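Taken in order, the sequence shown gives residues 850 to 1008; the numbers are from the working numbering. Below is one structure; the comments refer to it alone.
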Amino acid sequence: MPTEIFAKIGDIKGESTDARHPDEIDVVSFSWGVAHTGSTGSGAGGGAGKPTFQDLLIVHTIDSATPALLLTCATGRHLPEATISHRKAGKNQQDYLTVKLSDVTITAVTQDGTEAEPYTETVSLRFTKVDLLYRARRPDGSFDEGRRFTFDVRTNQAG
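Here it is in C-alpha cells:
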C-alpha cells in the first residue's frame, strides 16, 4: 500500500496542504539506521560496543522550505525537534510510523536535478535523541497502541 511521508523540521514551513500535516514538508523518501560495533571472539562471549546512529535523510522536491533549510544548515542553528510522519494512503488515514528527533542539526543539504525530473533535495538531520513509534494495522483497519523505540545518543541509553 502506498505511503505518504511528511517532515516537520523545527519552525521551517513546507508546502503540504494536508489537513493533518499543514505547512510540513512533503517527503519523497527517507532513510536512517543504526549500527553496532560489538565484538565476538573465539571465547564464551562477546563485548558490547557503542551504537553508531546515521543521520536521518529525507528527500523532497525543492520547495518553499529550501531557503530556510539551507540557511539553518549554513549557520549551524540547532532545532529543538523534527518529526517524520508516515501514513498509509487510503481511507481512515492515520500515522502508523512516527520518528521524533530531539536536538536536531541539519548537517547537509544537497540538491539534485535533471531536465526530465523535478529537482529534489536531500536533507541530512543529526540528532541526540530518537523516539520511534510504530502502530500496526488491525484487520478491521484500525491501528493498535504501538511499539516504541527510544534512545538517547548522547548518554548511550535506551528508554
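For every residue, glycine included, the Cβ atom is placed at its ideal position computed from N, Cα and C. All values reported here derive from a predicted model rather than from experimental measurement.
- The beta carbon of residue 1006 sits closer than 8 Å to those of 1000, all from its chain and outside the five residues before and after it, given in chain order.
- Here residue 857 is bridged, per DSSP, to 932.
- Membership of residue 988 in any beta strand (DSSP E) is not indicated, and neither H nor E is assigned to it by DSSP.
- Annotation: residue 920 to residue 909 spans about 17 Å, alpha carbon to alpha carbon.
- Remark: three or more beta-carbon pairs, one from each stretch, lie closer than 8 Å, so the region 941-956 and the region 970-982 are flagged as touching.
- Per DSSP, the beta-bridge partners of residue 902 are 883.
- By the beta-carbon neighbour count (other beta carbons within 10 angstroms, threshold 16), residue 934 is buried.
- Contact between the region 925-932 and the region 981-996 is absent: fewer than three C-beta pairs spanning the two stretches fall below 8 Å.
- Exclusion of the five residues before and after residue 878 leaves 854, 907, 908 as the residues of its chain whose Cβ lies within less than 8 Å of its Cβ.
- The beta carbon of residue 880 sits closer than 7 Å to those of 906, all from its chain and outside the five residues before and after it, given in chain order.
- Residue 957: member of the beta strand (DSSP E) spanning 944-961, first to last residue.
- Per the coordinates, the alpha-carbon of residue 958 lies some 7 Å from the alpha-carbon of residue 918.
- The residues 862, 863, 864, 865, in chain order, have a CB closer than 8 Å to that of residue 872 in the same chain once the five nearest residues on each side in sequence are set aside.
- 915 is the residue among 915, 1004, 938, 860 whose C-alpha sits nearest the C-alpha of residue 960.
- Each of 987, 963, 1004, 985 was checked against the Cα of residue 911, and the nearest Cα belongs to 963.
- Closest in C-alpha terms to residue 979, from the list 1008, 966, 970, comes 1008.
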